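According to this note's numbering, the sequence shown is numbered sequentially starting from 664.
Glycine included, each C-beta is placed from N, C-alpha and C at the ideal position.
Bear in mind that the values here come from a model prediction, so they are computed numbers and not experimental data.
Worksheet: the structure to be examined is printed underneath.
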Amino acid sequence: MPFEVREGVVALKGACTIEEAEALHEAVRDLGDARFDLSGTSYMHTAIVQVILASGGTLAARPAEVDPVLGACLDTLRPA
Numbered sequence: 664m665p666f667e668v669r670e671g672v673v674a675l676k677g678a679c680t681i682e683e684a685e686a687l688h689e690a691v692r693d694l695g696d697a698r699f700d701l702s703g704t705s706y707m708h709t710a711i712v713q714v715i716l717a718s719g720g721t722l723a724a725r726p727a728e729v730d731p732v733l734g735a736c737l738d739t740l741r742p743a
């Protein structure tokens with residue numbers, strides 16, 4: 664699993680593919696107000712990004728490398 668949840672923080676790591684989107688959605692839904700640490704990601708499928716954006720959560724840390732489109736999407740999240 665390329666993510667773990669600890670104390671309300673969802674830390675994503677490595678390549679986060681579409682196969683993990685449903686599990687991420689369930690974890691985030693159960694949390695309520697999630698904070699996302701994306702600093703360990705190397706790739707995020709758009710389904711993962713959609714789950715993060717739809718959650719209404721906050722952004723604790725951005726990925727190390729962000730392309731302009733992903734950056735624009737992440738800019739819509741509230742900082743943690």
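- Within the model, the alpha-carbon separation for G703 versus A674 is close to 8 Å.
- V729 carries a coil assignment under DSSP once its states are collapsed to helix, strand and coil.
- Contact annotation: A684 and I711 have beta-carbon atoms nearer than 7 Å.
- The continuous alpha helix (DSSP H) containing T709 extends over residues 709–718.
- In the DSSP assignment, the residues bridged to D700 are A674, A724.
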